[in-house]
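If you read the protein sequences in the order shown, they are chains A and B.
The first sequence begins at 1 in this note's numbering and counts up by one.
The second sequence begins at 1 in this note's numbering and counts up by one.
Everything below concerns the one structure shown next.
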Amino acid sequence: MARAIALVAALAVVVSSPVARGQQTADAPAAQASLPVMSAADARAFADAAAGKLDYLPGEVLVKFKDGVQTQAQQRALDVLRSRPAVDRLEWLGDVALLRDASQPDARVLADQLASQPEVEYAQPNYLRRRSLTPNDASYASRQWNLQTIDMPKAWDINPGGKSDVIVAVVDTGVTTFTGTLTARTWNGSAIQTITLPFATNPDLSASRLALPKDFVTGGGTIVLDTDGHGTHVSSTIGEDTNNSTLEAGIAYNVRIMPVKACASYWDVQFAMSAAGVPGFADPDAGGCPTSAIADGIRYAVDNGAKIINLSIGGEGSSTLEQAAMQYAVDKGAFIAIAAGNAKLSGNPAQYPASYAPNLAGAMAVGATNRSGNRASYSSTGSYVEIAAPGGDPLDSDTAGSGFIWQSTLRLEATDPALVLFPRFDRYTEVGYAGTSMASPHVAGVAALLYSQGITKPSAIEQAIKKTAKFLGTPSAADATRNDEFGAGLVQPRTALFGLGLRK
Amino acid sequence: MKHALLTLLVLGAVAGSAAAQPYSSGPSIGIRGFGVIDADAVAASRSFDAVFGSKQVTGAGGGVEVDVSRHLFVRVAATRIQRTGTRVFVDSGEVFPLGIALTMTMTPLEAGGGWRFASTSRVTPYIGAAYVSLGYQETSDGAQPGENVNERYAGAEGFGGVQVGIWKGLFAGGEVQYRHVGVPVVSTSVMSQFNENDLGGFTARVLFGFGTRPH
């Protein structure tokens, strides 16, 4: 009873704290504007994917024609499909076309048919990546054991927070860049209703540190709204404001964060369905991160100055478009940290985009460790795991959630569709998450510090992180410098930053 | 170190005074004290270039020579070389300076001897060899216990040069040396990244001193 009272008291303190409410910004758009929503077709695709438990958007295929194939030949290739779609229906993402064919929801069938055509280089479903976390709703927890485990205070002695001219792109559910209210339509259980949604920026991630945001999912353009919390939590690990007696600390707390929204949340789908007049609730699992949006987001980030990219997302199904975007990014000088995946307990299938990492010099797949220093129970293993970082673990935690990764993000009580009909996105607090989603931003933050320190090449950042890692576990028979659980080992920021002397 | 060098110079001066002979002729046994300025082109050139921005370092010191016969002499000398650079990261030969100050101090102690060729002029050529004991210290800003270096390595050198009598006991000279000081490879070091394990190299030395030499 006393413990329950203590937990309630802690909740009350957090809720009533002024820092739990979003800070005001001077440049917010006019109130009562409409919430940007994705198209009805997109919303339906997300909803259908959730209902069918699909890892791709139904009826959507990414097609790359061979070089030199003109419009007439492209049409000839498309004619293999029963619906014989016109070539002018293609949406172009660079030199890759997105085809939507509602008559054939099984995108794998579409992809196979198109891939067999001589004019086509490749055709793949538009896969949906998922956020790599297990959310926790514990009300109270001990604080950031993760930063102590990797000795961040000593790393900060060498490099206190990185430089503000370094930009880290977070390709995720977004980080809210707007403060104010927007109108939206949603289902209230019996009818579609217009509601007012309050938004606010994270009070522990200064708005001045948000750079060049972009939304690739809901059509919000340069206004990004996190309606989930995942993107905000990830960004907080990378660089939450620090030394301000507010909420938690972030690793590279001086760098700028580029919010790139490539993942739709449940609410994004729900609001779009209701805006299109579709009655009912969206599937609870609705949402995800289309590989088309991920690829667009990665290219946008690199073309606009991001030197570090974090991808706390994953799924099964290889995507050439996604892989090509990552290659583009490292070729342009950006380092990429990728969550290795949380599928160890569900058969441990290979995860993407993590699996591309070993073949990309400057991209690293990050596995998760728990508070006890072991591999987190869920953390995927495989030859593609290159490094490990704290990710938390529900199975290595107490009832207060001490084994999770705690950072500032949207309050679950205000956003969880299982708890609320009418959410609000202006309430922030410390929330504990666990997953390789949480491990990856540790490496992204360290990479940002290394870039700030002078290692300005992604392949060199990767080598610096690998060569200074603390080896964990048993060496692999094939390569004694690594294993499939932890890769090269636990990231050691201070050792990496300290570099090499002439003799030591 | 300074006191030792001064002592050597004074000893040389006293010995020279005691001999009390013009430089052009003297007793069969001589003793000379000298100071030196060295310019070194280190063998670990890529490593030094990475950390200090140059493979050349300069040092100063002194020593004393004692003639044991008309031509044969023994010599001891000590110098000090100090340079400040930055810690770095090296990836496939590419160097990334990290801006963390690193100060290196080398103190080679030489003990050897040589052969002075017969000469009827003020110019006397010579060659020789010596055992080298190289003290090596490396300190970095923010280093934790065990991260600085304080070690001593053994090596050898060969040298040759000329001494020129200037006036009475004063002389000057020039000398070139090749020194080899092999050091253990430490995997977490810049030298290991470039596969360099020799802290020796070529030295160009200028000497100036006081004393006598036999004829």
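Glycine included, C-beta positions come from ideal geometry on N, C-alpha and C.
In the structure shown, A/V255 falls within a coil segment according to DSSP collapsed to helix, strand and coil.
Interface criterion met: the Cβ of A/D157 is under 8 Å from a Cβ in chain B.
Rounded to whole angstroms, the separation of the alpha carbons of A/D204 and A/R143 is 16 Å.
Here the segment 343-353 of chain A makes no contact with the segment 409-416 of chain A; the two share fewer than three CB pairs at distances below 8 Å. Within the DSSP secondary-structure output, B/A39 pairs in a beta bridge with B/T58 and B/A204. Think of a sphere of 7 Å around the beta carbon of B/Y153: no beta carbon from chain A falls inside it, the nearest being about 10 Å out.
Nearest CB-CB separation between A/A184 and chain B: not below the 8 Å threshold. For A/S459, the CB contacts under 6 Å within the same chain, skipping 5 residues up- and downstream, are A361 and G362 in chain order. According to DSSP, B/F210 shares a beta bridge with B/G33 and B/L170.
Counting along the chain, the unbroken beta strand (DSSP E) around B/F73 starts and ends at L72 to D91. Around the beta-carbon of A/L197, 16 or more other beta-carbon atoms lie within 10 Å, marking it buried. DSSP, read as helix, strand or coil, puts A/G297 in helix. In this structure the segment 180-190 of chain A does not lie against the segment 369-377 of chain A, because fewer than three pairs of beta carbons, one per stretch, are closer than 8 Å. At a cut-off of 8 Å between beta-carbon atoms, A/R482 makes no contact with chain B. Relative to the Cα of A/S377, the nearest Cα in the group A/I387, A/D396, A/E386 and A/S383 belongs to A/D396. Scanning A/N310, A/V37, A/G250 and A/S408 for the CA closest to the CA of A/P153 turns up A/G250. B/L102 sits close to A/G501, with the two beta carbons spaced by under 8 Å. Short of 6 Å from the beta carbon of A/G297, and not among the five residues preceding or following it, lie these beta carbons of its own chain, in chain order: V171, F216, V260 and A262.
According to the DSSP assignment, A/E413 belongs to the alpha helix (DSSP H) that extends over L412 to T415.
Secondary structure note for B/M104: its beta strand (DSSP E) is the uninterrupted segment E94 to R116.
In the pairwise beta carbon analysis, the segment 86-105 of chain A is classified as touching the segment 58-67 of chain A: at least three pairs are separated by under 8 Å. For A/Q453, the nearest beta carbon of chain B is closer than 8 Å to its own beta carbon.
Contact between the segment 39-51 of chain B and the segment 174-191 of chain B is established, with three or more Cβ pairs separated by less than 8 Å.
Under the 8 Å criterion on CB atoms, A/T456 is classed as interfacial with respect to chain B.
Between A/T176 and A/A200, the C-beta spacing is below 8 Å. For A/G231, there is no enclosing beta strand (DSSP E); the enclosing alpha helix (DSSP H) covers residues H230 to G239. In the assembly as shown, A/W92 is an exposed residue. Its beta-carbon has fewer than 16 other beta-carbons within 10 Å. By a beta-carbon distance limit of 8 Å, A/I167 does not contact A/M38. Their separation comes to about 26 Å. The Cβ of A/R427 sits no closer than 8 Å to any Cβ of chain B. For A/E462, the enclosing alpha helix (DSSP H) starts and ends at P458 to K467. Under the 8 Å criterion on CB atoms, B/D91 is classed as interfacial with respect to chain A. In the structure shown, B/R152 adopts extended strand secondary structure according to DSSP, grouped into three states. As DSSP reads the structure, A/C289 sits in a beta bridge with A/R129. Among the residues facing chain A, B/P97 is included, as its CB has a counterpart in that chain under 8 Å away.
Sequence-distant Cβ neighbours of A/Q327 in its own chain, meaning closer than 7 Å and more than five residues away, are L360. Assignment of A/Q492 by DSSP, reduced to helix, strand and coil, places it in the coil class.
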